[in-house]
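In what follows, a structure is listed as structure tokens, so that the remarks can point back to it.
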């Protein structure tokens with residue numbers, strides 16, 4: 104009989120030591136969901152000799168975000184693959200004097216006069232944006248981020264989508280520039 108109270112005491116002790124109140128968990132930080140507010144839009148049309156009044160392929164919206172410019176395409180009927188995207192100096196999709204469709208858009212936006220084609224994350228001109236990815240079905244809906252640019256930088260300029268991808272170097276493989284021919288254009292308003 105003597106062992107029973109001792110065993111019960113030991114059992115009570117072991118049970119009580121495992122029943123300590125758990126430490127309160129540190130509160131989870133509130134995740135901040137950022138919902139971009141559209142601040143500018145470019146209706147994207149096929150480049151043509153009539154000043155960019157070709158058929159519409161959708162639109163691209165621009166929003167300032169906490170880490171840079173959020174560029175959200177809503178495009179359809181494009182050629183699948185990767186396409187170079189640039190902001191050009193002038194708000195025009197008209198041909199230039201030499202007959203290049205959308206040539207009046209001018210060069211890539213380069214307010215500092217760097218002359219460098221270093222991509223959206225480099226120290227070159229600000230007109231370099233991330234490549235646009237078009238699904239095999241011809242649609243593009245995936246947003247991209249341009250960390251060095253704001254809506255104020257691009258509003259009142261033109262958005263150009265080129266035939267091919269941009270390698271962001273000084274050695275374009277296309278006779279029309281880094282991403283090839285100017286295929287689609289829109290004025291950023």
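In the working numbering, the protein residues as written are 104 to 292.
For glycine and all other residues, C-beta sits at the position ideal for the given N, C-alpha and C.
Predicted, not measured: the structure shown is a model, and the values here were computed from it.
Spell out the partners DSSP gives residue 209 in its beta bridges. Answer is none; residue 209 lacks a bridge partner.
Under a three-way DSSP split, which group does residue 200 fall into? Residue state, collapsed to three classes: coil.
If I follow the unbroken beta strand (DSSP E) through residue 231, where does it start and stop? Element bounds for residue 231: 231-237.
Extent of the continuous alpha helix (DSSP H) run through residue 255: 254-257
Rounded to whole angstroms, what is the Cα-Cα separation between residue 215 and residue 261? 18 Å
Of all the options 256, 288, 253 and 152, which has the alpha carbon lying nearest to the alpha carbon of residue 264? 288
Is any heavy atom in the ligand SAM found nearer than 6 Å to the beta carbon of residue 200? By its list of ligands, the structure shown contains no ligand whatsoever, and the ligand SAM lies outside what it can speak to.
Reference residue 247; option with closest CA among 235, 239 and 258: Among 235, 239 and 258, the Cα nearest to that of residue 247 is on 235.
Label residue 240 either buried or exposed according to how many other C-beta atoms from any shown protein chain fall within 10 Å of its C-beta, with 16 as the threshold for buried. Its Cβ having fewer than 16 others within 10 Å, residue 240 is exposed.
Taking only three categories from DSSP, how would you classify residue 287? strand
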